[in-house]
Amino acid sequence: MDAGVRRASGVALKMRRLKILFITNMCTHYVRPLFDILAERHDVEFYFTGGHEAYWHKSNELKSGNFKGTYLPGIFLFGKFKITPRLFFLRWRYYDAVVKTIDDRFALPLVFCAAKLFRKPFVLWTGLWAHPQTPAHRWTFVLTRFIYRRADAIVTYGEHVLRYLMDIGADGRKIFC
Numbered sequence: 068m069d070a071g072v073r074r075a076s077g078v079a080l081k082m083r084r085l086k087i088l089f090i091t092n093m094c095t096h097y098v099r100p101l102f103d104i105l106a107e108r109h110d111v112e113f114y115f116t117g118g119h120e121a122y123w124h125k126s127n128e129l130k131s132g133n134f135k136g137t138y139l140p141g142i143f144l145f146g147k148f149k150i151t152p153r154l155f156f157l158r159w160r161y162y163d164a165v166v167k168t169i170d171d172r173f174a175l176p177l178v179f180c181a182a183k184l185f186r187k188p189f190v191l192w193t194g195l196w197a198h199p200q201t202p203a204h205r206w207t208f209v210l211t212r213f214i215y216r217r218a219d220a221i222v223t224y225g226e227h228v229l230r231y232l233m234d235i236g237a238d239g240r241k242i243f244c
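Just add 67 to wherever you are in the sequence shown, counting from 1, and you've got my numbering.
Put into structure tokens, the structure is as follows:
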């Protein structure tokens with residue numbers, strides 16, 4: 068069945084393709100197939116803010132696929148803190164919804180605030196089942212928990228992440244594994 072058609076009581080209903088802004092750090096080999104599927108079903112624009120993470124081995128290729136994707140340049144401050152100024156200039160009003168992964172100390176709060184400012188549903192995508200304990204992560208936990216609790220929806224990798232999020236006060240009805 069066509070992805071844009073849903074049957075209700077024997078009647079075919081044409082579904083509008085959503086315009087989705089999806090911001091994450093990079094397109095890896097393991098998320099590219101998902102990004103391709105999302106782009107088949109919806110009008111998704113992907114913006115990547117990373118690719119220079121210390122854990123990402125330089126011999127690994129940053130992927131692209133059958134979707135609109137753009138790597139945004141950034142500026143590093145204080146060694147590890149990267150800001151991505153072009154995020155300020157995205158067409159926020161154009162989109163029906165905003166999806167942001169849990170990564171990026173600069174982009175996450177900026178994207179969350181922009182989605183709320185422009186009254187767009189904010190979907191947080193996370194795989195964390197415990198908050199990292201670096202000094203910077205401990206300092207930003209209050210902000211991260213605030214975003215978890217006020218996201219319109221949260222997409223997770225499994226039940227263990229759902230349990231963690233509920234333990235820190237996220238509404239289980241908004242969490243989708």
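For glycine and all other residues, C-beta sits at the position ideal for the given N, C-alpha and C.
Here the structure is a predicted model, which means the values were calculated and not measured.
Query raised in the report: Within 10 angstroms of its Cβ, does L154 collect 16 or more other Cβ (buried), or is it exposed?
Result: As a position in the sequence shown, residue 154 is number 87, starting the count at 1. Classification for L154: buried.
Query raised in the report: If T91 sits next to F115, beta carbons under 8 angstroms apart, how far is it from one beta carbon to the other, in whole angstroms?
Result: On the sequence shown, residue 91 is found 24 positions in, with the first residue counted as 1. On the sequence shown, residue 115 is found 48 positions in, with the first residue counted as 1. Indeed they touch by this definition, with Cβ atoms about 6 angstroms apart.
Query raised in the report: CA-CA distance, F134 and F145?
Result: Along the sequence shown, read from residue 1 onward, the residue named residue 134 stands at position 67. Along the sequence shown, read from residue 1 onward, the residue named residue 145 stands at position 78. Answer to the nearest angstrom: the Cα atoms are 33 angstroms apart.
Report task. Give the single residue among L232, H227, K147, L157 whose Cα lies nearest to the Cα of A218. Result -> The count along the sequence shown starts at 1 and reaches residue 218 at position 151. Among L232, H227, K147, L157, the Cα nearest to that of A218 is on L232.
Requested in this report: Would you mind working out which of C244, I221, F213, F148 sits nearest F173, comparing C-alpha positions?
Outcome: One-based indexing of the sequence shown puts residue 173 at position 106. Checking every option, the nearest Cα to that of F173 belongs to F148.
Report task. Could you spell out the range, first to last residue, of the alpha helix (DSSP H) harbouring A106? Result -> Stepping through the sequence shown from its first residue, residue 106 is reached at position 39. 99-108 is the span of the alpha helix (DSSP H), which, as asked, contains A106.
Requested in this report: May I have the straight-line CA-CA distance separating G194 from G225, to the nearest angstrom?
Outcome: Position 127 of the sequence shown, counted from the first residue, corresponds to residue 194. Position 158 of the sequence shown, counted from the first residue, corresponds to residue 225. Cα to Cα, G194 sits roughly 8 angstroms from G225.
Query raised in the report: With a CB to CB cut of under 6 angstroms and the five nearest residues on each side skipped, what residues in its chain are close to G239?
Result: As a first step, residue 239 is located in the sequence shown; it is residue number 172 there, counting from the start. Within the same chain, G239 has close Cβ partners M233.
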